[in-house]
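Chains E and B are the protein sequences, given in the same order. First residue of the first sequence? That's 1 in my numbering, and the numbers climb one at a time after it. First residue of the second sequence? That's 1001 in my numbering, and the numbers climb one at a time after it. Each residue gets a CB set at the ideal place from its N, CA and C atoms; glycine is no exception. Since this is a predicted model, take the numbers as computed values, not measurements. Structure, as structure tokens:
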Amino acid sequence: AQKVTQAQTEISVVEKEDVTLDCVYETRDTTYYLFWYKQPPSGELVFLIRRNSFDEQNEISGRYSWNFQKSTSSFNFTITASQVVDSAVYFCALSELFGNKLVFGAGTILRVKS
Amino acid sequence: DAGITQSPRHKVTETGTPVTLRCHQTENHRYMYWYRQDPGHGLRLIHYSYGVKDTDKGEVSDGYSVSRSKTEDFLLTLESATSSQTSVYFCAIRATGTGNYEQYFGPGTRLTVT
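This is the structure we're talking about:
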């Protein structure tokens, strides 16, 4: 069975600090997909990134970066120079080959204080 | 904006009553999903559809049924609501085609069963 663990329930940082959200996954599939979603206080779910299991290249998008390591089954998310608008719940998720059965972690609440 | 609406957005109902939640999309996507979000669990898949009249169960399907009689609508029914079904329900879509594995979510429906 697939499983996603986000061990950090809640993180508080001061604005401009860097913060890393951890995600560890379990799967027996050789092909799978990893995702991060953001849920701001308004409640909607916003897709941030998808990573394929065969592509371990790290990705950077502005202040966001993602580190995918198959050797440790981890897909960590770093926000550089955090801002108050980054305050949200962040979910890591995993899907099988066909992308239908998405399994989510419990989420990490990020609070960025000014 | 993935063109997804959910109705109602909020509902309070009594234990034992039937409830139907509606998900409507405007972009003709083949795949549609229903999730529930509960504290400590992230989102969990209830049912999904891969075409008109084609549906399959997810992780937490007991007590729920779905129907999809046309591409744009995916209905979730609680035949006899229980307090354990108090939750926020999200609908999602996934575009068809190579490389489209991410799901996009609707605004959610907050259901309270008293």
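**Asked** Applying a beta-carbon distance threshold of less than 9 Å, which residues of chain B neighbour residue 33(E)?
**Response** 1101, 1102, listed in chain order.
**Prompt:** Three or more C-beta pairs closer than 8 Å, one from the segment 1009-1018 of chain B and one from the segment 1066-1075 of chain B: is that the case here?
**Reply:** no
**Prompt:** Just reading off the beta strand (DSSP E) that residue 98(E) is part of, what are its end residues?
**Reply:** In the DSSP assignment, residue 98(E) falls outside any beta strand (DSSP E), carrying neither H nor E.
**Request:** With distances taken Cα to Cα, identify the nearest neighbour of residue 94(E) among 32(E), 12(E), 65(E).
**Result:** 32(E)
**Message:** Against chain E, which members of the segment 1058-1088 of chain B pass a CB distance test of less than 8 Å?
**Reply:** Going along the segment 1058-1088 of chain B in chain order, one finds 1058, 1059, 1088 with a Cβ nearer than 8 Å to chain E.
**Prompt:** Whose C-alpha, out of 1097(B), 1087(B), 1104(B), is nearest the C-alpha of residue 1114(B)?
**Reply:** 1087(B)
**Asked** Where does residue 1085(B) sit, in a helix, a strand or coil, going by DSSP?
**Response** DSSP places residue 1085(B) within a helical segment (H, G or I) once states are collapsed to three.
**Prompt:** What's the gap between the Cα of residue 108(E) and the Cα of residue 45(E)?
**Reply:** Those two C-alpha atoms are separated by around 14 Å.
**Asked** Who are residue 1046(B)'s beta bridge partners in DSSP?
**Response** DSSP, once it has assigned bridges, lists no residue as partnering residue 1046(B).
**Status (buried if at least 16 other CB within 10 Å, exposed otherwise) for residue 82(E)** = That one is buried.
**Request:** Please say whether residue 1063(B) and residue 1082(B) have beta carbons closer to each other than 8 Å?
**Result:** yes
**Request:** Name, please, each residue of chain B whose Cβ falls closer than 7 Å to the Cβ of residue 101(E).
**Result:** 1045, 1058
**Prompt:** What residues from chain E crowd round residue 1041(B), counting only those whose CB sits closer than 7 Å?
**Reply:** 106
**Item:** Opening and closing residue of the beta strand (DSSP E) in which residue 1029(B) lies
**Value:** Careful: residue 1029(B) lies outside any beta strand (DSSP E) and carries neither H nor E.
**Message:** Short of 7 Å Cβ to Cβ, which residues in the segment 10-44 of chain E face chain B?
**Reply:** 33, 35, 43, 44
**Prompt:** For residue 67(E), which option in 113(E), 2(E), 19(E) has the closest C-alpha, if you only look at C-alpha atoms?
**Reply:** 19(E)
**Item:** Through-space distance from residue 89(E) to residue 13(E), alpha-carbon basis
**Value:** 14 Å
**Request:** Give me the Cβ distance between residue 1056(B) and residue 1048(B), rounded to the nearest whole Å; I'm assuming they're in contact under 8 Å.
**Result:** 6 Å
**Request:** Determine the DSSP secondary structure at residue 1065(B), reduced to helix, strand or coil.
**Result:** strand
**Asked** Are there 16 or more other CB atoms within 10 angstroms of the CB of residue 1(E), so buried, or fewer, so exposed?
**Response** exposed
**Request:** Below 7 Å CB to CB, which residues in the same chain sit around residue 1071(B) once its five sequence neighbours on both sides are set aside?
**Result:** 1028, 1052
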